[in-house]
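To start, the structure itself, in structure tokens.
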Amino acid sequence: MPEPVKGPRIIAVANQKGGVGKTTTTINLATALAAVKQKVLIIDLDPQGNASTGLGVDRNNRRLDTYRVVIGGVSLKDAVQATSVPGLDIVPAGMDLSGAELELVNMEEREHQLKKAIGDGADGYDYVLIDCPPALGLLTLNALIAAQAILVPLQCEFFALEGLSHLLKTVERVQNVFNPGLEIQGIVLTMYDKRNKLSDQVAADVREYFGDKVYKTVIPRNVRVSEAPSYGRPVLMYDMKCAGSQAYLHLAGEVLRREGHVSV
Ligand code: ADP
Ligand code: MG
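Under the working numbering, the first residue of the sequence shown is numbered 117, with each subsequent residue one higher.
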């Protein structure tokens with residue numbers, strides 16, 4: 117008998133604040149997971165489409181995009197595109213996705229559209245990472261209901277904790293009402309600047325409140341990380357030796373260990 121196909125582990129990369137490193141983390145964590153032979157799919161759920169651009173998907177090549185999958189009845193499989201990273205595919209986000217938030221409002225089961233759209237269409241992938249938009253609207257809600265876990269990038273800055281408690285209240289609500297199995301995979305500190313005392317203080321506070329939910333790996337502020345997207349590449353394929361690349365490789369190791377992979 118053939119082995120049953122294992123469904124993927126679906127992780128939403130979310131934080132309602134913009135510019136905290138969601139997209140950067142999605143792209144580079146996905147690439148690092150693919151580098152250790154995991155088959156990974158990114159679903160770009162942000163109308164800005166930065167994950168798609170950062171992985172070199174041309175704007176003219178996004179006709180079958182997340183919008184069509186969530187609203188338009190196109191199957192996930194038909195919208196999947198390969199990227200230049202072996203083992204990493206993407207469903208890109210096109211301009212239309214910016215209308216989805218409003219269109220969802222009037223749909224039946226509006227919170228469940230992404231979950232339904234994924235269905236068993238992602239079987240065969242080990243991981244699906246959903247790059248969420250910077251808001252706690254219906255798109256992010258759809259991601260939190262489709263996912264089994266949330267991964268939160270947190271920038272080491274003054275208001276970080278305030279935003280985080282609001283996000284975690286939303287996670288609790290989703291657990292209570294829609295998705296009791298939703299786990300917090302972890303919180304990753306991003307854009308850490310060791311010369312900045314505030315960075316240190318925020319990192320210490322976050323660790324005090326959230327203990328081992330916070331990954332040991334900290335992503336440093338690193339100019340190579342911010343340069344890579346303009347070449348349509350993950351930083352790991354732009355400068356593998358830089359501190360940012362190494363940090364994302366470590367993060368992937370921690371994520372896999374939390375998922376029960378013992379050999380990494
Ligand atoms: P979000 O998706 O949460 O809005 P991004 O991942 O797009 O955030 O990051 C915001 C900006 O910060 C981008 O210009 C990105 O290139 C830059 N950036 C993210 N992480 C780093 C880092 N570790 N070092 C330097 N720049 C970074
Ligand atoms: Mg983004």
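C-beta atoms are modelled at their ideal positions from N, C-alpha and C, and glycine is treated no differently.
The alpha-carbon of Thr147 is positioned some 26 Å away from that of Ser214. Counting along the chain, Asp194 sits inside the alpha helix (DSSP H) bounded by residues 192 to 195. Taking C-beta separations shorter than 8 Å and ignoring five residues to either side along the sequence, the partners of Gly302 in its chain run Leu267, Val268, Lys329, Val330, Tyr331, Glu370, Val371, Arg374, following chain order.
Taking 7 Å as the cut-off, the C-beta of Lys138 counts as close to a heavy atom of ligand 2.
When distances are taken from the beta-carbon of Met353 to the heavy atoms of ligand 1, even the shortest one reaches 7 Å or more.
Looking at the DSSP output, Thr306 sits in a beta bridge with Gln271. For Ile234, the enclosing alpha helix (DSSP H) stretches over residues 229 to 234. Of the candidates Thr306, Pro296, Leu157, Thr306 places its Cα closest to the Cα of Ala276. Inter-residue distance for Leu352 and Glu217 is about 33 Å (C-alpha atoms, whole angstroms). Of the other Cβ atoms in all chains shown, fewer than 16 fall within 10 Å of the Cβ of Pro296; this residue is therefore exposed. Taken from the Cβ of Asn166, at least one heavy atom of ligand 2 lies inside 7 Å. Using a Cβ distance threshold of 8 Å, Val244 and Pro208 do not count as a contacting pair. Leu260 is classed as buried because its beta carbon has at least 16 other beta carbons within 10 Å across all chains shown. For Tyr354, the secondary structure class from DSSP, reduced to helix, strand or coil, is coil. Judged by pairs of C-beta atoms under 8 Å, the segment 246 to 256 touches the segment 157 to 171, as three or more such pairs exist.
The DSSP assignment places 213 to 221, 229 to 234, 254 to 262 as complete runs of the alpha helix (DSSP H) inside the segment 208 to 268, in order along the chain (cut-off: 4 residues).
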